[in-house]
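Take a look at the structure below.
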Amino acid sequence: MPPELRRPTLPVVLLAAVLGGGVVGLAGRATDHTTSSLLYWAGTLGGPWLLAAFLIGAFAASPRRGAIAGAATLVVGVITYYAIFGLVEERTSRDYALGVGAAWTAGALPVGAAFGWAGGAWRRTRGPRWAAILTGALLGEALLLYLQGRVLGGVWNQDEALHALRVQAIIGVLGAAVLTTKPLRALGWTGGVALAVVVVEATLRETLRAGGWAGA
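The numbers in numbering that gives the first Met the number 0 rise by one with no breaks, and the one at position 104 of the sequence shown is 103.
If you want it as structure tokens, here you go:
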């Protein structure tokens, strides 16, 4: 049966995106209260959010629908995260939650769309380039924060944080090996994407910090 005939309808895709975004946002706050150091530090990473957008895009089984769903997933996730942070937990001011949440929402739209598109394209082709967008992002973020911790010190130089980075990096490399029938090509693309992500995410983080983001 052609893949097009197995695609879920757009309303189903959007429902999955809303539910997925809610779960990601809720989990992001829940990990702040866990006793597991691995889960705590994993909750501070962007990797799980990117994975969610990619998976929703793969569920959509279409690059275009995947882009819409991926963007919706991350936007709903950001809104859920900061609504809980500011209104339910009351661990930050409403002004901070609104301002920083708006900034992350602006970033979530294009990022979610890109990873949703990649997920939809990967579902249709199993192409190494599409898989590498996800796996390279996971590896690249881990590399960026590892270098940041080693050079500048701070939280990403702690053993527990480094363990979370190692786990995400391993997932990225293993993902490149199993998500496509051309693992060597996928690994090559993963390395290239990882280097690009180091630059892009470093720029994004510094831009958000300049706008008032305190790391949460």
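Glycine included, C-beta positions come from ideal geometry on N, C-alpha and C. Computed from a predicted model, the values in this text were never measured in an experiment.
Starting from residue i, trace the alpha helix (DSSP H) in both directions and tell me its first and last residue.
{"i": "Ser36", "result": "Ser36 to Ala41"}
{"i": "Gly46", "result": "Gly46 to Ala59"}
{"i": "His32", "result": "Segment: none, His32 is in no alpha helix (DSSP H) and carries neither H nor E."}
{"i": "Ile132", "result": "Pro127 to Leu151"}
{"i": "Phe114", "result": "Arg93 to Thr124"}
{"i": "Glu289", "result": "No statement about residue 289 is possible, as the shown extent of the chain runs from 0 to 215 and does not include it."}
{"i": "Gln167", "result": "Asp158 to Val177"}
{"i": "Leu86", "result": "Run containing Leu86: none; DSSP gives neither H nor E here."}
Which residue's Cα is closest to the Cα of residue i: the options?
{"i": "Thr104", "options": "Ala131, Thr79, Glu159 and Glu89", "result": "Thr79"}
{"i": "Leu73", "options": "Thr30, Ile132, Phe114 and Glu88", "result": "Phe114"}
{"i": "Gly191", "options": "Gly21, Gly42, Val172 and Arg63", "result": "Val172"}
{"i": "Arg157", "options": "Ala16, Gly19 and Tyr39", "result": "Here residue 157 is Gln; the residue named in the question, Arg, does not match the sequence. The candidate whose alpha carbon is nearest that of Gln157 is Tyr39."}
{"i": "Trp48", "options": "Ala57, Thr34 and Gly76", "result": "Gly76"}
{"i": "Gly19", "options": "Leu50, His32 and Asp31", "result": "Leu50"}
{"i": "Arg149", "options": "Glu140, Leu138, Leu161 and Arg128", "result": "Leu161"}
{"i": "Thr189", "options": "Val12, Gly98, Leu54 and Ala141", "result": "Ala141"}
{"i": "Thr43", "options": "Ala209, Leu207, Ala163 and Thr206", "result": "Ala163"}
{"i": "Trp129", "options": "Leu13, Pro10, Phe53 and Gly21", "result": "Phe53"}
{"i": "Val12", "options": "Ala29, Arg63 and Ile132", "result": "Arg63"}
{"i": "Thr8", "options": "Leu207, Phe58, Lys181 and Thr30", "result": "Phe58"}
{"i": "Gly98", "options": "Val87, Tyr81, Gly111 and Arg90", "result": "Tyr81"}
Buried or exposed: residue i, going by 16 or more other Cβ atoms within 10 Å of its Cβ?
{"i": "Ala213", "result": "exposed"}
{"i": "Leu178", "result": "buried"}
{"i": "Ser61", "result": "buried"}
{"i": "Thr202", "result": "exposed"}
{"i": "Ile169", "result": "exposed"}
{"i": "Val87", "result": "exposed"}
If you check the beta carbons only, do residue i and residue j fall under 8 Å apart?
{"i": "Ala175", "j": "Thr134", "result": "yes"}
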